[in-house]
Structure formats: C-alpha cells, structure tokens
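Q: So for the sequence shown, my numbering puts the first residue at -1; every next one is plus one.
First, the structure itself, so that you have it in front of you.
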Amino acid sequence: MSTYQLLMPGRVLYGKDSFTEVGNVARSFGSKVLIVSDPIMEKIGNVARCEQLIHEAGLSSAKYTGVDTEPTDIHVQEALDVCRQEACDVIVAVGGGSCLDTAKAVAVLMTNGGHIRDYASNQKLFAEKALPLIAVPTTAGTGSEVTKVTVIIDTVYDVKMMLPQPELLPAAAIVDPVLTLSCPPSVTAATGVDALCHAIEAYISRRAQPVTDMFALQAIELLIGNLRKVYTDGNDLEARENMALGSMLAGVAFSNASVTLVHGMSRPIGAMFHVPHGVSNAMLLPAVLEFTKESALVRLAVIGRLIKPELQGQADADVAEAVIAEVKQLCQDLQIPNMKTWGIDKDRLEQVVEKMATDALASGSPGNNPRVPTHEEIVALYHVCYDYDFSLSNTVAL
C-alpha cells in the first residue's frame, strides 16, 4: 500500500458568524496584526469590522488594502514593507484568493527574506516557518485558505509564479459563509467554477489519492448542486454555506493532489491579459475536459454518476460526455465568456501564444493531466478556447 500525505491548516473554523472569532484566534498567535485586504473589502466594511474584532481581543493592528484582482510581486512588496515597518507578528488576510495569496507571500518573506521570485517553482526552499497567517476568504472559489500554494504575478517577466511549499499553509482558516453574501453574481460565477475546476482536476490528477478523492467528490457534489442557486439568489445562505464548504474541500483536494491542465494554461492568460483567475479557468474548463476525456473516462464517469444518478448503468464514455455537457451548460447559465468575448485581442494572442504554452508547461501542472499535452497541443487549445462556443458539442478534436 502506498504512503500518502495530507497537509491542511492546523485549525479551521467553519460556519455562520465564525468571523467573530478572528480576534481570539489572532491572539493565540501574536500581539500585532497586519490585515491584508483590498479596496472593495475596505469599502463594504469588512476591514473595519476585522479591526474592531482584533482590537476587542486586546491586540493592535496595521493594514494593507492595496491588493488588486490579480496579486503581483509589487503588492507583495508593498504589504511586506508595512508588515516590517509596523513590526507585526501575525497576519490576517480578508478577501478573495488574491488577498490570501498576497498574505501568504508576505508571511514567508517576513521570516525568510529575499524576493518572492527567488522561491518560484521551488528553485529555493523556505528555511524558516512563516509568520502565523489567519486566512479569511470572502469568496467561495480559490480554496487558498487551506492550501500550501500561492500564485503571484512577476511583473518583470509577465509570468505567474506558482509556489507550492508547506510553509505557505495558513496557521488557521476562518470560513464564514456570511462573508460571501456580498459577492456579486459575476464574481460568484467565476470563483464558483474555479472551485469546481479545483475539485475536478484534483480527482482526475495523476497525483490523486484516496483521501483527496473523498474531498474532491464531496466538493463536486456541493458545487454543482449550489452554484446556480447562489448565482441567481446571492442571499440564499444555505446555498452559500454549501458553496463555502465545497470550495474549502476542493482546496484541500487540489493542495494535496495538484491541479492539471486547466490551471497550467490559465496562469499565462492571467499574466498576459490580466484576466481574473476564476474567469480564465472557466474559459478553459470545457475544452480541456474534451481534450482529456478519452484518458479519464473512468474517473469522469464516477463524477457523472454522482451528479446524475439516472446515468447508472450507462457506458463510461456516455457518462463522461454527459459530465462535459453539464459543465458546458453550467458555463452558459453563468454567462462565462470566452477569450474573444472578454476582449482579448487575437493579434496579441498570436504574438504571445508560444510563450504562454512554454510557461504553462514549465509550471508542471499539465504533467499531472491524464492526457499530457505537447507544446503544440497547448497552442492549439489556446486557439480553440479563443472563440469557444459553450453551446456546441465535440468542439475539440486534437
């Protein structure tokens, strides 16, 4: 029997109003908190509420709220400067995956030094434990609150740096579905499909293991069953709770089993065209599943019989095709754009597509895919996805 390893934060608080415990949790790690967040979280009051809860617990705080939709090395350096100047010894990240990933980078650089680029692709390992980080997600999508991964754009080389190291695991995660109620439909859709992508990729990954399979399948069932509900009614708290749980479970799954081709290809889209991470994943998921189907029939069929019990007894190939059809229909229902609709210039894509394919392969994620693509196949997939029609079947023949 093989030996498996499962990495998770040391403490997870999940449930309605769990955010009220942030001050008490922070107090168990330090005395001065750096809050890492973004302008939207500050505008709607989540940062002020976090400050209040921290101060009520007897702690002092500083804040950095400059994170954008895609985290860059510039954001990391700015937040790091604040953390050092204020001598903070614990970090609380409040926001989407961009805020959480920025905070992870700050936490490890506070104790290890250097530039985040020094550690990209594990070319240098972290020698010291990170500052304690409490991750508080406000979207149900990235799962970053429970993963050992951070993804940061290198603004010098226009590439997304992926760092998968255990030191990046938050010390604690607080998953409060109430915080996702303010998430607008477009963000709900993009982050929700991102979470679904995490779960599906973790399940079909070459690095999947029995425990991650359990988390991934539970996540798929929760996400498929609730994503349309929260998209059409953002105030449906029960559905928001299920989405938050599904996203967290998907995060545990992919943090330990890895993602595959979708994420490998989506990072260059984000780096080159500044497309939000969830949107770029959603743009790619159906086409990549079509590309992968024949090499993942059994596992796609398991997913299909889980989400569509009426398919029990049908051939694996037919059930796998039904899964892809369901994902396509979901993307249509959520109004997911293709690259052309998003506004990506075709001529610019042609100029950079070779670099994008090279960067995708260099990330290592495509190597986890059941069907490992060549450089040429990735280039062809980018072309297919440029004006991909979610309403058509069998659109990928590579």
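We treat Cβ as the ideally placed atom computed from N, Cα and C, and that holds for glycine.
Would you mind sorting K14 into buried or exposed? The rule is 16 or more other CB atoms within 10 Å of its CB.
A: The sequence position of residue 14 within the sequence shown is 16, counting from 1. K14 comes out exposed.
Q: With a Cβ-Cβ cutoff of 8 Å, do V104 and V149 count as a contact?
A: Residue numbering aside, residue 104 sits at position 106 when the sequence shown is read from its first letter. Residue numbering aside, residue 149 sits at position 151 when the sequence shown is read from its first letter. No, they are not a contact pair.
Q: Between the segment 14 to 26 and the segment 167 to 183, do three or more beta carbon pairs fall short of 8 Å?
A: At 8 Å Cβ cutoff, the stretches touch.
Q: For the alpha helix (DSSP H) containing P266, name the first residue and the last one.
A: Here residue 266 is taken as the residue at index 268 of the sequence shown, counted from 1. Note, P266: alpha helix (DSSP H), L259 to F271.
Q: For the segment 42 to 94, which segments carrying the alpha helix (DSSP H) assignment without a break, of at least 4 residues, lie completely within its bounds, in sequence order?
A: Entirely contained in the segment 42 to 94, the alpha helix (DSSP H) runs reaching 4 residues are, in chain order, 44 to 54 and 71 to 83.
Q: Kindly indicate which three-state DSSP category R205 falls into: helix, strand or coil?
A: Position 207 of the sequence shown, counted from the first residue, corresponds to residue 205. In the structure shown, R205 sits in coil (DSSP, three-state: anything other than H, G, I, E or B).
Q: According to DSSP, which residues form a beta bridge with Y407?
A: Because the chain in this structure spans residues -1 to 396, residue 407 falls outside the shown range and cannot be described.
Q: Closest by CA to E84, which one among G244, V257 and S29?
A: On the sequence shown, position 86 is the one that residue 84 refers to. Of G244, V257 and S29, the residue nearest in Cα terms is S29.
Q: Just to confirm the assignment: which complete alpha helix (DSSP H) runs, minimum length 4, are found wholly within the segment 92 to 162?
A: The qualifying runs are 95 to 110.
Q: Suppose the cutoff is 6 Å on Cβ atoms and the five residues either side in sequence are ignored; what does the same chain contact list for M241 look like?
A: As a position in the sequence shown, residue 241 is number 243, starting the count at 1. Hits under 6 Å: A138, N224 and V228.
Q: Please confirm whether S203 and A255 have their CB atoms less than 8 Å apart.
A: Counted from its first residue, the sequence shown places residue 203 at position 205. Counted from its first residue, the sequence shown places residue 255 at position 257. Their beta carbons are under 8 Å apart, which means S203 touches A255 by this criterion.
Q: What whole-angstrom Cβ distance do T109 and E126 have, given they're in contact under 8 Å?
A: As a working note, residue 109 is residue 111 in the sequence shown. As a working note, residue 126 is residue 128 in the sequence shown. Right, their Cβ atoms sit about 4 Å apart.
Q: With burial defined as no fewer than 16 other Cβ atoms inside 10 Å of the residue's Cβ, what is the status of V23: buried or exposed?
A: Start at 1 with the first residue of the sequence shown, and residue 23 comes out as number 25. So V23 counts as buried.
Q: Which of the three DSSP states is assigned to I33 in this structure?
A: As a working note, residue 33 is residue 35 in the sequence shown. Strand.
Q: Would V147 pass as a contact of P162 if the rule is Cβ separation under 8 Å?
A: Reading the sequence shown from its first residue, position 149 is the one you call residue 147. Reading the sequence shown from its first residue, position 164 is the one you call residue 162. Taking 8 Å as the Cβ cut-off, V147 and P162 qualify as a contacting pair.
Q: Roughly how many angstroms lie between the CA atoms of R9 and A313, to the nearest whole one?
A: One-based indexing of the sequence shown puts residue 9 at position 11. One-based indexing of the sequence shown puts residue 313 at position 315. Each residue's alpha carbon lies about 42 Å from the other.
Q: Got a sec, what are the start and stop residues for the alpha helix (DSSP H) S389 sits in?
A: For the purposes of this step, residue 389 is taken as residue 391 along the sequence shown, with counting starting at 1. Neither: S389 is in no alpha helix (DSSP H) and is coded neither H nor E.
Q: Does the segment 259 to 269 touch the segment 347 to 364, meaning 3 or more C-beta pairs lie closer than 8 Å?
A: Taking 8 Å as the limit for Cβ pairs, the verdict is that the segment 259 to 269 does touch the segment 347 to 364.
Q: How would you label I267, buried or exposed, when you count the other beta carbons within 10 angstroms and need 16 or more for buried?
A: Here the question's residue 267 lines up with position 269 in the sequence shown. With 16 or more other Cβ atoms within 10 Å, it is buried.
Q: Which value, in whole angstroms, describes the spacing of the CA atoms of E324 and A188?
A: Mapped onto the sequence shown, residue 324 falls at position 326. Mapped onto the sequence shown, residue 188 falls at position 190. Their backbone Cα atoms lie some 16 Å apart in a straight line.
Q: For the candidate residues I342, G111, L57 and D116, whose alpha-carbon lies nearest to that of V90?
A: On the sequence shown, position 92 is the one that residue 90 refers to. The shortest C-alpha separation from V90 is found at L57.
Q: Under the three-state reduction of DSSP, which class applies to L283: helix, strand or coil?
A: The residue labelled residue 283 in the question sits at position 285 within the sequence shown. Here L283 sits in helix by DSSP.
Q: Measuring straight from C-alpha to C-alpha, what distance separates A355 and H373?
A: Position 357 of the sequence shown, counting from 1, holds the residue named residue 355. Position 375 of the sequence shown, counting from 1, holds the residue named residue 373. Going from the Cα of A355 to the Cα of H373 covers about 6 Å.
Q: In angstroms, rounded to a whole number, what distance separates the CA positions of I33 and G112?
A: Translated into positions along the sequence shown, residue 33 becomes position 35. Translated into positions along the sequence shown, residue 112 becomes position 114. If you take the alpha carbons of I33 and G112, they lie about 21 Å apart.
Q: Which residues in the same chain as P7 place their Cβ atom closer than 8 Å to its Cβ, once the five residues preceding and following it in sequence are excluded?
A: What you label residue 7 is simply residue 9 of the sequence shown in a count that begins at 1. Closer than 8 Å at Cβ, skipping near neighbours: A133, E143, V144, L167, P168, A169, A170 and A171.
Q: Give, in chain order, every unbroken run of the alpha helix (DSSP H) that is at least 4 residues long and sits entirely within the segment 305 to 378.
A: Fully enclosed alpha helix (DSSP H) runs of 4 or longer: 314 to 331, 337 to 340 and 344 to 360.
Q: Taking S253 as part of the alpha helix (DSSP H), name the residues at either end of that continuous run.
A: Taking the first residue of the sequence shown as position 1, residue 253 is located at position 255. Start and end: L235 to A255.
Q: Using alpha carbons as the reference points, say which of A101, G94, E40 and G93 lies closest to C86.
A: Mapped onto the sequence shown, residue 86 falls at position 88. That would be A101, whose Cα lies nearest to the Cα of C86.
Q: Evaluate contact between the segment 293 to 305 and the segment 375 to 382, counting only Cβ atoms and requiring at least three cross-stretch pairs below 8 Å.
A: The segment 293 to 305, when compared against the segment 375 to 382, does not touch it at the 8 Å Cβ threshold.
Q: Residues in its own chain within less than 6 Å of L332 by CB, not counting five upstream and five downstream?
A: The sequence position of residue 332 within the sequence shown is 334, counting from 1. Same-chain partners within the cutoff: A187 and Y229.
Q: Less than 8 Å between the CB atoms is what I'm expecting for M39 and G93, so what's the real figure, rounded?
A: Counting from 1 along the sequence shown, the entry for residue 39 is found at position 41. Counting from 1 along the sequence shown, the entry for residue 93 is found at position 95. About 5 Å separates the two Cβ atoms, so the contact holds.
Q: Please return the same chain residues whose Cβ sits closer than 8 Å to the Cβ of I222, not counting the five positions on each side in sequence.
A: One-based indexing of the sequence shown puts residue 222 at position 224. So the list reads L194, I305, E324 and L328, once near-sequence residues are dropped.
Q: Ends of the alpha helix (DSSP H) at G21?
A: Position 23 of the sequence shown, counting from 1, holds the residue named residue 21. V20 to R25 is the span of the alpha helix (DSSP H), which, as asked, contains G21.
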